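Asker: Numbering (our numbering), first residue to last: 1 to 347. Just so it is clear, CB atoms sit at the ideal spot from N, CA and C, and this is done for glycine as well. The structure presented is a predicted model; accordingly, all values stated were derived computationally and were not measured. Got a structure for you, questions after.
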Ligand code: SF4
């Protein structure tokens, strides 16, 4: 028999007891067995079978697992949700984006890895007096601990609220850095980002115009962020789109990515500059789906990470809305920021 990966040994907390309790509560309300839907981001899918197996065994529920790609809370599997009495979305905090069905539960899969060594190691890179803290939802419960470590070293620490799309103070998303560029953060000399990867801290740096130090609790790597390579890549993409005449503007129909109004305003801007633009609607955005559309360049209003993470795989340059404005001459290069889906930004 295949040995399933043991999620209890994972670095993340799947809150399995709470999951069981929620299921029992809904079973009691419904007076019988229920259908439970499960959805995981790509990095946690390896734990799906073991979690499903435990739920079936412990609660007698029927379990269905969403196998479609999933990258955020913006991307609930609505079809599976319809077929479920209770639906668990793992790995992300709720996106405050209007009415989410009451049967959805967000299990954030918070990190169990200690952050203290990484934060202490970051101190020599933080000579500024006032430090802003930002992180992803996986470490958001550890920000108080990080604050205490910095305060014990004599620092003033700010953990700012993001906009109403964001669940926790100090939390940033790949599409929302509002906790990194709020009025409170203005007082900071630098930001400390706790977490892995470079996309989030680059977004925080560009939107706040602050120096960002990164502390990765998984590897204990600590370094000052440099956005130079990133900006060179984006400069190349913008340059490749400079002579484009025909643009396709991408709209995703996913619940938390849908920005039709923005696409329409970008189309109007293109036409005002004598360009041709079409709006493409799709659920999952991928390079293969673009092959049939012979545009000179694409403009992405869906998940902002798409234009960045996979940029080399598309058949033509993929611009963010802000980069498109640079191509049209409506925005200066110095004003480049990462695209964000902010509170009220969806319609
Ligand atoms: S739009 Fe992209 S960055 Fe924002 S929550 Fe969804 S997957 Fe994450």
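When burial is assigned at 16 or more other CB atoms within 10 Å of the CB, is residue 233 buried or exposed?
Answerer: Position 233 of the chain shown, counted from the first residue, corresponds to residue 233. Its Cβ having fewer than 16 others within 10 Å, residue 233 is exposed.
Asker: Residues in the same chain with beta-carbon distance under 6 Å from residue 90, minus the five sequence neighbours each way, listed in chain order, please.
Answerer: Here residue 90 is taken as the residue at index 90 of the chain shown, counted from 1. Same-chain partners within the cutoff: 40, 44, 107, 109.
Asker: Determine the closest residue to residue 143 out of 256, 128, 195, with distance taken between C-alpha atoms.
Answerer: Here residue 143 refers to the residue found at position 143 when the chain shown is read from its first residue. Residue 195 is the option with its Cα nearest to residue 143.
Asker: Quick check on residue 201: buried or exposed, where buried means 16 or more other Cβ atoms within 10 Å of its Cβ?
Answerer: For the purposes of this step, residue 201 is taken as the residue at position 201 of the chain shown. The residue is buried, with at least 16 neighbouring Cβ atoms inside 10 Å.
Asker: Across the region 297–306 and the region 222–229, are there enough close Cβ pairs to call them in contact, namely three or more that are closer than 8 Å?
Answerer: Because the criterion of three Cβ pairs below 8 Å is not met, the region 297–306 and the region 222–229 do not touch.
Asker: Return yes when the C-beta of residue 75 is under 7 Å from any heavy atom of the ligand SF4, and no when it is not.
Answerer: One-based indexing of the chain shown puts residue 75 at position 75. Under cutoff, so the answer is yes.
Asker: Nearer than 7 Å: is that true of the beta carbon of residue 174 relative to any heavy atom of the ligand SF4?
Answerer: As a position in the chain shown, residue 174 is number 174, starting the count at 1. Yes, since a heavy atom of the ligand SF4 falls inside the 7 Å radius drawn around the Cβ of residue 174.
Asker: Measuring from the CB of residue 284, is there a heavy atom of the ligand SF4 at a distance below 7 Å?
Answerer: Along the chain shown, one-based indexing puts residue 284 at 284. The answer is no for residue 284.
Asker: By Cβ distance below 8 Å, which residues in the same chain neighbour residue 174 in space, the five residues on each side in sequence not counted?
Answerer: Start at 1 with the first residue of the chain shown, and residue 174 comes out as number 174. Correct list, in chain order: 72, 199, 200, 203, 303, 304, 305.
Asker: Please specify which runs of the beta strand (DSSP E), each continuous and at least 3 residues long, are wholly inside the region 188–261, giving them in chain order.
Answerer: Correct list: 190–194, 211–215, 222–224, 246–252.
Asker: When every heavy atom of the ligand SF4 is checked, does at least one fall within less than 7 Å of the C-beta of residue 95?
Answerer: Residue 95 sits at position 95 when you count from the first residue of the chain shown. Yes, the ligand SF4 has a heavy atom inside 7 Å of this Cβ.
Asker: Can you look up residue 19 in the DSSP assignment and give me helix, strand or coil?
Answerer: In the chain shown, the residue the question calls residue 19 occupies position 19. Residue 19: helix per DSSP, three-state reduction.
Asker: Are the Cβ atoms of residue 208 and residue 167 separated by less than 8 Å?
Answerer: One-based indexing of the chain shown puts residue 208 at position 208. One-based indexing of the chain shown puts residue 167 at position 167. No, Cβ-Cβ distance for residue 208 and residue 167 is not below 8 Å.
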